[in-house]
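Trainee:
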Amino acid sequence: MKRFGVSFVGAALMFAFPAAAQTPAPPAAAVPGPAATPSDYILLTVIMRHDQTMNLDEINKIQAEQGFWAKFPPEGIQVESWYIAMGLGYIVTLRVPPARLREVNRAVEQGAWKAFRTEFYPTYDAKKIAETLREQATKK
490 MKRFGVSFVG AALMFAFPAA AQTPAPPAAA VPGPAATPSD YILLTVIMRH DQTMNLDEIN
550 KIQAEQGFWA KFPPEGIQVE SWYIAMGLGY IVTLRVPPAR LREVNRAVEQ GAWKAFRTEF
610 YPTYDAKKIA ETLREQATKK
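For what it's worth, this note's numbering labels the leading residue of the sequence shown as 490, then goes sequentially.
Quick look at the structure:
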């Protein structure tokens with residue numbers, strides 16, 4: 490796999506989720522709603538790199554044919570951020586209860602593959618830590 494320098498996730502551990510031998514996800518009614526506290530969820534950054542051998546109309550057509558917008562993110566999974574990075578694609582951070590991680594992966598496999606190359610990074614919010622360290626460093 491070709492690696493690109495993405496500084497904000499450079500230190501994150503990449504997980505690979507195999508597609509084989511998986512059973513269908515539980516129905517949406519059987520899964521709990523959005524997670525409220527950090528102990529109830531993980532943050533998951535999903536990078537969906539545009540396939541640059543296709544133009545935007547071709548990518549949009551594939552997304553429509555595969556039902557991308559209906560499948561991703563699964564119902565009840567909260568979107569923390571969704572950015573389009575020019576020349577790269579989507580950078581989406583989700584709030585995911587650990588029990589629903591597989592469901593998110595399946596939504597990507599079924600809706601995003603072919604139009605995108607995907608990467609998954611477990612992430613955490615370090616903004617306050619960085620702000621505190623910056624504040625301490627500038628007071629000296």
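In this text, a Cβ means the ideal position worked out from N, Cα and C, and glycines have one as well.
With which residues is Q567 paired in a DSSP beta bridge?
Mentor: Position 78 of the sequence shown, counted from the first residue, corresponds to residue 567. In the DSSP output, where bridge partners are listed per residue, Q567 has R584.
Trainee: Looking at A601: is its Cβ nearer than 9 angstroms to the Cβ of M537?
Mentor: Numbered from 1 along the sequence shown, position 112 holds the residue referred to as residue 601. Numbered from 1 along the sequence shown, position 48 holds the residue referred to as residue 537. In contact: A601 and M537 (Cβ atoms closer than 9 angstroms).
Trainee: Just the Cα atoms here: how many angstroms apart are E620 and A626?
Mentor: In the sequence shown, the residue the question calls residue 620 occupies position 131. In the sequence shown, the residue the question calls residue 626 occupies position 137. Approximately 10 angstroms, taken between the alpha carbons.
Trainee: Given a threshold of 16 other Cβ atoms within 10 Å of its Cβ, counted over all protein chains shown, does I566 qualify as buried or as exposed?
Mentor: Against the sequence shown, residue 566 aligns to sequence position 77. It counts as buried.
Trainee: Give the DSSP-derived three-state secondary structure of L533 in the structure shown.
Mentor: If you number the sequence shown from 1, residue 533 lands on position 44. Three-state result, L533: strand.
Trainee: Can you check which of these residues, R606, K550, A615, is closest to I580 by C-alpha distance?
Mentor: Position 91 of the sequence shown holds residue 580. Closest option to I580, Cα to Cα, is R606.
Trainee: Rounded to whole angstroms, how far is the Cβ of Y610 from the Cβ of T542, which I believe are closer than 8 angstroms?
Mentor: Against the sequence shown, residue 610 aligns to sequence position 121. Against the sequence shown, residue 542 aligns to sequence position 53. Not really, about 24 angstroms apart at Cβ, beyond 8 angstroms.
Trainee: Pull the bridge partners of W459 from the DSSP assignment, please.
Mentor: Since the first and last residues shown for the chain are 490 and 629, residue 459 lies out of range.
Trainee: Using only the alpha-carbon positions, how far apart do V593 and F561 sit?
Mentor: Locating residue 593 in the sequence shown gives position 104, counting from the first residue. Locating residue 561 in the sequence shown gives position 72, counting from the first residue. Each residue's Cα considered, the two are about 8 angstroms apart.
Trainee: Bridge partners of T627, per DSSP?
Mentor: Position 138 of the sequence shown, counting from 1, holds the residue named residue 627. Paired residues: none, contrary to the question.
Trainee: Which word fits L622, buried or exposed, when buried means at least 16 other C-beta atoms lie within 10 angstroms of its C-beta?
Mentor: By one-based count along the sequence shown, residue 622 stands at place 133. Result: exposed.
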